[in-house]
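Comments concern the structure below.
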Amino acid sequence: MYFKKITDMIADSADNGQLQKKMQFIQESYKNVRANLLFALAGTKNEKAKILMFTSAEQGDGKTTTCLNQAAAFADAGAKVLVVDADLRRPRMERYIYSEKKRKGLSDVLGGFADVEDVIVKPTNCNFDCLFSGSIPPNPSELLMLEIVGDLFEKLAEHYDYIFVDTPPVGIVSETLYLTQFVTGVVLIAKKRKTHIRKMQDAVASLNFAHANILGIVLNGSADSTSRTYYRSKDKYYYY
Ligand SMILES: Nc1ncnc2c1ncn2[C@@H]1O[C@H](COP(=O)(O)OP(=O)(O)OP(=O)(O)O)[C@@H](O)[C@H]1O
Ligand SMILES: [Mg+2]
60 MYFKKITDMI ADSADNGQLQ KKMQFIQESY KNVRANLLFA LAGTKNEKAK
110 ILMFTSAEQG DGKTTTCLNQ AAAFADAGAK VLVVDADLRR PRMERYIYSE
160 KKRKGLSDVL GGFADVEDVI VKPTNCNFDC LFSGSIPPNP SELLMLEIVG
210 DLFEKLAEHY DYIFVDTPPV GIVSETLYLT QFVTGVVLIA KKRKTHIRKM
260 QDAVASLNFA HANILGIVLN GSADSTSRTY YRSKDKYYYY
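In this note's numbering, each residue carries its 1-based index in the sequence shown increased by 59.
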């Protein structure tokens with residue numbers, strides 16, 4: 060399991076007290092985000108599944124990393140969770156879990172080339188299910204703006220407590236805003252010392268314009284200066 064693997068790494072590195080502390084800190088941070096998201100979701104409609112979209116103002120702010128680790132944190136608390144890689148332009152999720160990208164996924168389902176039941180997978184190192192992006196389509200916007208996207212989310216919502224959707228940055232592509240109509244709420248990711256405040260303001264304005272329910276902003280990379288080392292270690296784990 061994703062989250063559990065962090066615990067395994069702590070156990071493996073028991074001789075390294077500093078690394079252990081960092082890992083625990085990160086683990087606690089994800090749990091804190093989980094608690095805050097649960098508070099933010101308390102006022103939302105009691106739908107079958109809560110569907111959360113993870114997006115950001117710019118590229119590389121940590122959407123996929125946060126989405127996967129939050130999925131693990133929610134699943135760790137007993138929830139049935141599905142993550143969906145809806146970033147059909149720069150799909151990375153599958154490679155964060157497996158060493159290569161080769162599975163069918165969302166684009167194949169939307170294109171009518173696969174049934175969703177056949178392409179959802181449960182990786183052995185995860186405590187949640189995954190619907191990867193599938194083949195990179197020539198027309199990601201058109202594909203994600205098909206009416207059947209709403210039907211698909213409705214169908215999936217019958218089987219899960221939470222569906223976490225990883226998307227492209229809101230300020231860069233059009234389909235992210237379109238997808239907001241199908242989700243319970245939006246989690247915006249900002250990266251410390253990277254995300255421009257102006258771009259963030261624009262992203263919030265766009266989401267408000269689309270009447271999206273912004274649940275909150277996660278400030279990624281906000282730990283002390285040593286956190287970088289941790290993430291490098293974690294990257295190795297991801298690619299391992
Ligand atoms: N808090 C962090 N500290 C250091 N590195 C991080 C942190 N969060 C993510 N990263 C690293 O930054 C890179 C980008 O992260 P990630 O893929 O999660 O971002 P993204 O927003 O999904 O990017 P994209 O816009 O390309 O989809 C990855 O190598 C990831 O491991
Ligand atoms: Mg990503």
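Think of the CB as a built atom: it goes at the ideal place given N, C-alpha and C, for glycine as much as any other residue.
Bear in mind the structure is a predicted one, so any value in this text is a computation, not a measurement.
Could you tell me the boundaries of the beta strand (DSSP E) in which residue i lies?
i, result
"VAL245", "244 to 250"
"LYS253", "Looking at the DSSP string, LYS253 is not in any beta strand (DSSP E), and its letter there is neither H nor E."
"ASP144", "140 to 144"
"THR103", "Careful: THR103 lies outside any beta strand (DSSP E) and carries neither H nor E."
"GLY275", "273 to 279"
Only counting the same chain, and skipping five residues up and downstream in sequence, which positions put a Cβ closer than 6 Å to that of residue i?
i, result
"THR243", "THR103, LYS109 and ILE110"
"GLN118", "PRO228"
"ALA138", "ASP220 and TYR221"
Can you give the Cα-Cα distance for residue i and residue j, rounded to whole angstroms?
i, j, result
"LEU238", "MET112", "8 Å"
"ASP174", "PRO196", "17 Å"
"PHE98", "VAL246", "13 Å"
"GLY171", "THR226", "21 Å"
"GLY209", "THR254", "30 Å"
"ILE156", "PRO199", "22 Å"
"ARG148", "SER233", "12 Å"
"MET82", "CYS185", "18 Å"
"ALA132", "ILE179", "20 Å"
"ASP261", "THR124", "23 Å"
"GLU259", "GLU176", "Looking at the sequence shown, residue 259 is not Glu but Met. C-alpha separation (whole angstroms): 36 Å."
"GLN240", "SER265", "13 Å"
"PHE212", "GLY76", "44 Å"
"ILE273", "ALA116", "13 Å"
"LYS161", "ALA271", "33 Å"
Which residues mark the beginning and the end of the alpha helix (DSSP H) in which residue i is found?
i, result
"ASN267", "256 to 268"
"SER88", "76 to 100"
"LEU127", "122 to 135"
"ARG154", "152 to 156"
Using a Cβ-Cβ cut-off of 7 Å (strictly less than) and excluding sequence neighbours within five positions of residue i, which residues of its own chain qualify?
i, result
"ARG287", "Reliability of the predicted coordinates at ARG287 is poor, the pLDDT of 41 falling under 50, and the value obtained from them is presented with this limitation in mind. Nothing meets the Cβ criterion."
"ASN95", "GLY275"
"LEU278", "ALA249 and LYS251"
"TYR290", "Interpretation of TYR290 is limited by its pLDDT of 34, a score under 50 that renders its predicted location unreliable; the figure taken from the coordinates is listed afterwards. Here the set comprises nothing."
For residue i, which residues in the same chain have their Cβ closer than 8 Å to its Cβ, ignoring the five residues on either side in sequence?
i, result
"VAL142", "CYS126, LEU127, ALA130, MET152, PHE187, ASP188, CYS189, LEU190, ILE222, PHE223, VAL224 and ASP225"
"LYS203", "Inspection of the sequence shows that residue 203 is occupied by Leu rather than by Lys. Answer for LEU203: ALA145, LEU147, LEU169, GLU234, TYR237 and LEU238, listed in chain order."
"LYS90", "ALA132"
"SER166", "LEU147, SER192, GLY193, SER194, ILE195, PRO196, PRO199 and LEU202"
For ligand 3, is there a heavy atom less than 7 Å away from the beta-carbon of residue i?
i, result
"GLY275", "Looking at this structure, you won't find ligand 3 anywhere; what it does contain is ligand 1 and ligand 2."
Unbroken stretches of the alpha helix (DSSP H), 4 residues or longer, contained in the stretch 159 to 245: 165 to 169, 175 to 178, 199 to 203, 207 to 216 and 234 to 238
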